[in-house]
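Visitor: Residue numbers (this note's numbering), protein chains in the order written: chain A, 12 to 320; chain B, 12 to 320.
Just passing along the structure, written as structure tokens.
Structure, rendered in structure tokens:
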């Protein structure tokens, strides 16, 4: 097993200025796996759903190369449900409804054959459960990436801070970096957070791109300027899935390769926001991905010959 | 004359979370010229000050290679004064006081020897005065860059729209691009604005970098992640000065060279915000500038070899 992804598999109901959906398939682990499957097929998922979750979606993920043995199906219960409404700027949203359902007493169990995964992606989930998964691994993964959100900083900060000691890469947004560090400047925030444990920090700034920090270096990847952001739901998870999927497929965790991985993650996220939910990711071709990568190259590459070089 | 810059020369009083200044030298044309002087010395300025403006600053600009023959000095009047206070996020500010003084009845007069300047930088100023300057040019400059702000969109939109028919490059911030176009998406905003006249549009996004559009291409330059932004006053003018100064020194107005010019402009702006007012620009060395450019290269350059290339 090359890559193991843990996180929610869910139903979402979304309202944006462009329209409204009924219950559609969502969840951090869903977006992560769909995105990573563009790069690697040696992948497993650990999550939980209820009996109401469509069997076709589970089949579809299997077809994408995702080993679904770690998906617990609680036939008599209901799948986690989230409903939200985006504001006109598409950067902020209100949660309308959250029904934990099967998530309320979820205990992740990593199947035997996934416990030696080289790459571990801990999608947004209760911090204690993320740590649970780390502890089930028989060999320490080559790279552990953890995604989280402000909600856990509000109610489970101590657990989250404990997790930071066990991981390699933390991905959070700019507001969360400020909350976690108590620093407004993102450079200062990064310095503080890197002292809490992770070797790398990715700060996601939505339409303003993403920053990758280690203690010595910083890299910036822009977001592609899009005519319209149709639905931002899952963009962060899709970014993370593209990032770790690319790393897992190349097995190279150097800073240089992480730069490429962030560009691939950004490209995947730029597709995600073009349609509601997972729709755009489902039939994405590798040619489309390569063409989008070329757009990123064209967007930021310049040629300056410095006298001092 | 290679480059002519028009705009305010002023006194500013600034308050930021880091401190407070008395009246210090500011003004769009001041920042533009100080920044452009890093790249070209064949430069003139057209503006107006009162008798209270320090003769040493005028001398200093001359020493930087700026021809000051176009600076009107109204001995019995007072220099334009602006006072403002920045909020904690440093992205927004309140104007505390504006005293137009000599600016109230300013009529720009371009000295004979500057009327054939190849590059014309119209700094932020009443749109009618910007057009006045264009009309005084005996030869159509190779490149006319115009900077403006939301204030003129509120009170003189028709004049501003007329100006757009006579210029090559418009530089505005993201909020102003939305106001001018009525479009929230910056890509759509750019498409609309480019139909109003300019061949190029630069959208300045402050700490989130800058976008350069023409009808077919888009380029993104990041802002350097800084530990602290000490005082943002003049950063946009410094950016514009670096942009046109670099273009004037290389005499190359291709899209590829404009990309480099934007990186140089961004580098200059990153120095500007490190101290109050013009302080950081006054003793900047070319080695410091080259080192900062290398930081931009390191920040955004990545190496992806695409199969399709």
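Just so it is clear, CB atoms sit at the ideal spot from N, CA and C, and this is done for glycine as well.
All values reported here derive from a predicted model rather than from experimental measurement.
#1: Just tell me which of B:238, B:241 and B:270 has its CA closest to the CA of residue 253 of chain B.
#2: Considering residue 275 of chain A, what are the terminal residues of the beta strand (DSSP E) in which it resides?
#3: Here's a check: name, in chain order, each residue in its chain whose Cβ is nearer than 6 Å to the Cβ of residue 319 of chain B, leaving out the five neighbours to either side.
#4: For residue 199 of chain A, go through chain B and note every residue whose CB falls closer than 9 Å to its CB, in chain order.
#5: Taking DSSP as the reference, what is the three-state secondary structure of residue 100 of chain A?
#6: Please report the straight-line C-alpha distance between residue 51 of chain A and residue 12 of chain A, rounded to a whole angstrom.
#7: Which runs of the beta strand (DSSP E) at least 3 residues long sit entirely within the stretch 46-128 of chain A? Give them in chain order.
#8: Assuming residue 255 of chain B contacts residue 307 of chain B (C-beta within less than 8 Å), just tell me the rounded distance between them.
#9: Count the other C-beta atoms from every protein chain shown that fall within 10 angstroms of the C-beta of residue 151 of chain B, then say buried if there are 16 or more, exposed otherwise.
#10: Just how far apart, CA to CA, sit residue 154 of chain A and residue 179 of chain A?
#11: With DSSP as the reference, identify every bridge partner of residue 30 of chain B, one or two as the case may be.
#12: With C-beta atoms as the reference, is residue 205 of chain B less than 8 Å away from residue 231 of chain B?
#13: Do residue 134 of chain B and residue 19 of chain B have their C-beta atoms within less than 8 Å of each other?
#14: How would you list, in chain order, the residues of chain A whose beta-carbon sits under 9 Å from the beta-carbon of residue 254 of chain B?
#15: Quick one, are the C-beta atoms of residue 289 of chain A and residue 247 of chain A less than 8 Å apart?
#16: The alpha helix (DSSP H) that contains residue 258 of chain B, what's its start and end?
#17: Is it the case that the stretch 164-175 of chain A contacts the stretch 187-207 of chain A, given that we only count it when at least three CB pairs across the two stretches are under 8 Å?
#18: Would a check of beta-carbon distances place residue 189 of chain A closer than 8 Å to chain B?
#19: Which residues does DSSP pair with residue 14 of chain B in a beta bridge?
#20: Just to confirm, are residue 322 of chain A and residue 119 of chain A a CB contact at a threshold of 8 Å?
#21: Considering only the beta carbon of each residue, do residue 218 of chain A and residue 240 of chain A sit closer than 8 Å?
#22: Using a Cβ cut-off of 8 Å, pull out every chain B residue sitting near residue 274 of chain A, in sequence order please.
#23: Assuming residue 14 of chain A contacts residue 128 of chain A under a Cβ cut-off of 8 Å, what Cβ separation, rounded to an integer in Å, is found between them?
#24: One question on the structure: do residue 54 of chain A and residue 17 of chain A come within less than 8 Å of each other, judged by their Cβ atoms?
#25: Report buried or exposed for residue 265 of chain A, applying the criterion of at least 16 other Cβ atoms within 10 angstroms of its Cβ.
#26: Please name the residues in the stretch 283-304 of chain B whose beta-carbon is closer than 9 Å to at least one beta-carbon of chain A, in chain order.
#27: What do you get for residue 65 of chain B, buried or exposed, if any count of 16 or more other CB atoms within 10 angstroms of its CB means buried?
#28: Quick one: what's got a C-beta closer than 7 Å to residue 171 of chain B's C-beta in the same chain, skipping five residues either side?
#29: Can you tell me the Cα-Cα spacing of residue 309 of chain B and residue 33 of chain B, whole angstroms?
#30: Within 10 angstroms of the Cβ of residue 74 of chain B, are there 16 or more other Cβ atoms? Answer buried if so, exposed if not.
#31: Who are the Cβ neighbours of residue 90 of chain B in its own chain at under 8 Å, not counting the five residues just before and after it?
#32: Determine whether the beta carbon atoms of residue 110 of chain A and residue 92 of chain A lie at a separation below 8 Å.
#33: Is residue 83 of chain B near the ligand SAM, in the sense that its beta carbon is under 7 Å from a heavy atom of that ligand?
#34: Using DSSP with H/G/I as helix, E/B as strand and the rest coil, what is residue 155 of chain B?
#35: Looking only at its chain, what residues have a beta carbon closer than 8 Å to the beta carbon of residue 215 of chain A, apart from the 5 residues adjacent to it on each side?
Guide: In terms of the structure at hand:
#1: B:270
#2: Note, residue 275 of chain A: premise wrong, no beta strand (DSSP E); alpha helix (DSSP H) at 266-283.
#3: Low local confidence applies: a pLDDT of 45 at residue 319 of chain B is under 50, so the model's placement there is unreliable, with the coordinate-based value given in what follows. Within the same chain, residue 319 of chain B has no close Cβ partners at all.
#4: 238 and 239
#5: coil
#6: 10 Å
#7: 54-61, 77-85, 92-97 and 104-110
#8: At roughly 18 Å, the Cβ-Cβ gap does not stay under 8 Å, so residue 255 of chain B and residue 307 of chain B are not in contact.
#9: exposed
#10: 6 Å
#11: B:27
#12: no
#13: yes
#14: Correct list: empty, because the minimum Cβ distance to chain A is about 13 Å.
#15: no
#16: 246-261
#17: yes
#18: no
#19: B:54 and B:130
#20: Since the first residue shown for chain A is 12 and the last is 320, residue 322 of chain A is missing from the structure and cannot be characterised.
#21: yes
#22: 313 and 315
#23: 6 Å
#24: no
#25: exposed
#26: 297, 298, 301, 302 and 304
#27: exposed
#28: 138, 159, 163 and 164
#29: 38 Å
#30: exposed
#31: 20, 21, 22, 60, 61, 63, 64, 112 and 113
#32: yes
#33: Absence of the ligand SAM from the depicted structure is noted, as is the absence of any ligand whatsoever, leaving it without description.
#34: strand
#35: 182, 183, 184, 185, 221, 247 and 250
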